[in-house]
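Order-wise, the sequence lines are chains A and B.
Take 536 as the starting number for the first sequence in this note's numbering and just add one per residue.
Take 115 as the starting number for the second sequence in this note's numbering and just add one per residue.
Here's the structure, in structure tokens; my notes come after.
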Amino acid sequence: MAACVISRNSSMLSKFKLFRATAVVSTKSKSLSSTPRRDDDDAYVEKRQKKVYTRRGYDTEHLAEPMTAADLPAVRGEFPDFVRSSEEYRWVERLLPLRSIPQPPPGLPRQTPSGWAPPPASAPNLPYFVGRTRTHEYPVFYELRNSSRKLVKIKYVHGDIWAFAKDIQEYLEAKAECPVATQVHEVAQLVRVKGWFLDECKEFLFEKGF
Amino acid sequence: MMFPLRGVLCYNKIVSFTINYLNKISVHTTKALLELDHHHPVRTEHEVPQDLAPSVVIPQRHVPIITARKLAFSRVHVEARQAWVENMDRVEEEKIGMVDLHPDVFATMPRVDVLHENIVWQRNYKRISCATTKTRAEVRGGGRKPWPQKGTGRARHGSIRSPIWKGGGVAGGPRGPKSYFYMLPLTTRVLGLRVALSVKFAQNDLHIVDSLDIPTDDPQFLEDMADARNWGLSVLFVDDTDVISRNLAHALAKLPSHNAMPVYGLNVYSMLKHETVVLSLAALEKIEEKLLQNMHSFSAMPKTYAIAS
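As structure tokens, then:
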């Protein structure tokens with residue numbers, strides 16, 4: 536945790552003005568950092584920015600003037616008091632990248648405006664369960680083999696994978712009105728469907744409650 | 115977060131885990147944990163009186179300790195696995211607790227193909243083959259036509275160092291140092307570790323211990339322990355850092371079949387080479403944290419980012 540050193544000695548303060556948080560980031564900037572914006576961010580920024588009245592109008596405090604020999608303490612080795620504070624570190628934390636993909640918050644509706652459905656809080660009452668990818672999307676992917684064979688792969692199928700294959704085959708055959716071939720790979724926990732039925736597979740998973 | 119207690123020498127290992135029924139107090143040594151639990155002082159290695167044998171100590175323990183771990187990124191549909199926490203201070207096995215294991219790390223499908231990929235990669239990516247042969251141009255001599263084209267009655271040749279000649283150059287042979295380096299995708303390597311741990315756990319070859327400290331530096335102790343507990347001929351001890359106690363270091367130095375490894379050295383080849391894998395609790399925490407973090411991170415994160423730890 537970084538520590539900011541703030542001088543408390545008023546005589547030193549009058550000699551040289553410390554660099555305050557004039558480089559504070561805009562509170563409206565959006566970043567994917569780990570620490571979310573707090574409600575008191577705007578008030579905090581206003582409080583920290585000291586408004587100075589100049590000929591141009593009210594202006595925020597500018598950078599400190601360069602230090603000269605006159606600013607050094609009279610007695611060598613005499614230093615002003617300071618306090619260690621990590622209060623300003625939150626501005627650094629906001630900019631740091633996330634270590635892991637965040638989990639979706641609880642209480643989201645089953646259908647969001649973008650069409651994305653959040654993962655269920657509990658498993659549906661079925662002999663199988665289909666997990667989500669690390670970005671919380673349906674694990675349904677296009678596959679093109681030998682530049683002509685069109686398949687759709689459904690991954691992360693736990694439980695009775697044969698029952699899942701049977702159910703999805705029935706669903707797709709009803710929609711396509713023609714036979715649909717499926718391939719089960721038990722060890723890799725995936726099912727392949729012949730034909731590019733990507734949206735239909737996603738709809739099937741949504742209807743089942745995954 | 116692990117901080118050394120005052121008075122503990124640098125050789126001692128520090129273990130930390132959370133105890134649910136003690137209101138989530140995080141305890142920093144097994145000694146302190148036991149004192150909390152049983153309210154009487156426990157003698158450790160450094161409090162043994164001088165008249166006793168120099169490196170034989172038996173801490174006192176009564177009831178098993180149940181440790182409930184909070185698993186990160188828990189799955190909706192899959193239950194956590196459980197494993198006993200065992201002891202390392204006696205030859206006889208003693209179950210001193212039970213821990214939850216994350217199913218994504220210890221209960222993946224036995225993907226033998228992924229294990230094979232990882233082992234082949236581990237063997238080959240370090241390989242630099244220095245095999246070199248000389249071509250007909252590099253072999254000494256052979257610049258002159260040995261005999262005229264016609265008239266001698268012999269086969270026609272242009273050089274005595276052509277590949278069909280004895281002593282001639284090699285056609286199509288190995289040429290210079292060759293690297294067999296390649297990198298498996300990170301997800302494949304992470305999956306390899308998960309599958310190896312799952313396979314070891316499923317076959318009862320994975321053991322969790324509270325601490326890897328042993329009471330004596332005699333290698334016979336480790337052999338007797340492996341014999342009594344059916345651990346097999348080779349044992350891999352995994353700790354969270356690369357510092358182990360003096361006794362364990364001296365004992366392992368004399369046993370080629372038993373090895374110790376920090377978490378950052380954990381690999382599929384070593385896990386499969388040794389019959390039994392023994393993890394300390396701290397190592398278990400670290401392994402799970404790292405593997406789960408990799409499973410739930412943004413893929414292909416650029417290394418220029420410096421993530422504050």
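For glycine and all other residues, C-beta sits at the position ideal for the given N, C-alpha and C.
The structure presented is a predicted model; accordingly, all values stated were derived computationally and were not measured.
Could you spell out where the alpha helix (DSSP H) holding residue i opens and where it closes?
i, result
"A:ILE689", "First-last for A:ILE689: 684-689, but that is the beta strand (DSSP E), not the alpha helix (DSSP H)."
"A:TYR677", "Here A:TYR677 belongs to no alpha helix (DSSP H); instead the beta strand (DSSP E) covers 675-680."
"A:GLN770", "Given that chain A is displayed from residue 536 to residue 745, the structure contains no residue 770 of chain A and the question cannot be resolved."
"A:LEU633", "No alpha helix (DSSP H) contains A:LEU633, which DSSP labels as neither H nor E."
For a contact defined as C-beta to C-beta under 8 Å, what are the partners of residue i on chain B?
i, result
"A:HIS693", "HIS191, VAL192"
Measure the beta-carbon distance from residue i to residue j and round it to whole angstroms, keeping in mind my assumption that it falls under 8 Å.
i, j, result
"A:PRO714", "A:TYR691", "That pair is no contact at about 26 Å."
"B:VAL199", "B:GLY211", "4 Å"
"B:TYR239", "B:TYR294", "7 Å"
"B:VAL309", "B:PRO224", "7 Å"
"B:THR390", "B:ASP319", "5 Å"
"B:ALA194", "B:LEU215", "6 Å"
"B:ASN190", "A:PRO655", "At residue 190 of chain B the sequence reads Val, which differs from the Asn that was named. Contact flag correct, Cβ pair sits at about 7 Å."
State the beta-bridge partners of residue i as determined by DSSP.
i, result
"A:ASP575", "None, per the DSSP bridge assignment."
"B:GLU200", "B:LYS209, B:VAL323"
"A:TYR663", "A:GLY694"
"B:PRO376", "B:ASP353"
"B:LYS292", "B:SER243"
"B:PHE315", "In the DSSP output, where bridge partners are listed per residue, B:PHE315 has none listed."
"B:ARG195", "B:LEU215"
"B:VAL391", "B:LEU320, B:LEU350"
In angstroms with no decimal places, state the Cα-to-Cα distance between residue i and residue j.
i, j, result
"B:TRP345", "B:PHE351", "12 Å"
"B:GLY306", "A:GLY694", "22 Å"
"B:HIS372", "B:LEU366", "6 Å"
"B:ALA285", "B:TYR296", "27 Å"
"B:ALA269", "B:LYS259", "12 Å"
"B:GLY282", "B:GLY255", "9 Å"
"B:LEU393", "A:TYR677", "40 Å"
"B:ASN201", "B:LYS368", "22 Å"
"B:THR143", "B:PHE335", "Residue confidence for B:THR143 is low, a pLDDT of 41 falling below 50, so the modelled location carries little weight and cannot support an answer."
"A:LEU707", "A:TYR663", "18 Å"
"A:LYS688", "A:GLN724", "10 Å"
"A:PHE617", "A:ARG625", "20 Å"
"B:ALA397", "B:ASP356", "11 Å"
"B:VAL162", "B:ASP324", "With a pLDDT of 46 at B:VAL162, under the threshold of 50, the modelled position of that residue is not reliable, and the figure given next carries that caveat. Taking the straight line from one Cα to the other gives about 21 Å."
"B:HIS230", "B:THR302", "11 Å"
"A:PHE732", "B:ASP327", "57 Å"
"B:LYS184", "B:SER359", "28 Å"
"B:HIS410", "B:VAL213", "23 Å"
"B:LYS248", "B:LYS400", "51 Å"
"A:LEU686", "B:PRO299", "23 Å"
Which residues in chain A have a C-beta closer than 7 Å to the C-beta of residue i? List them in chain order.
i, result
"B:PHE295", "Within chain A, no residue comes near B:PHE295; the closest Cβ sits about 28 Å away, beyond 7 Å."
List, in order along the chain, the chain B residues whose C-beta lies closer than 9 Å to that of residue i?
i, result
"A:VAL715", "Neighbours of A:VAL715 on chain B: none; closest Cβ ~25 Å, over 9 Å."
State the start and end residues of the unbroken beta strand (DSSP E) segment that holds residue i.
i, result
"A:ARG727", "725-729"
"A:PHE617", "617-620"
Using the beta-carbon of each residue, which ones in chain B are nearer than 7 Å to residue i?
i, result
"A:ALA658", "VAL190, HIS191"
"A:GLN653", "The amino acid at residue 653 of chain A is misidentified as Gln; the sequence shows Pro. In chain order: nothing, as chain B lies at least about 12 Å away."
"A:PHE664", "HIS191"
If the cut is a Cβ gap below 8 Å, which residues of chain A does residue i touch?
i, result
"B:GLN407", "ARG634, SER635"
What does residue i touch in chain A if you count any residue whose Cβ is under 9 Å from its own?
i, result
"B:ASP412", "In the sequence as displayed, the identity of residue 412 of chain B is Phe instead of Asp. Result: PRO632, LEU633, SER635, ILE636, ARG669, THR670."
"B:MET223", "GLU721, VAL722, ALA723, GLN724"
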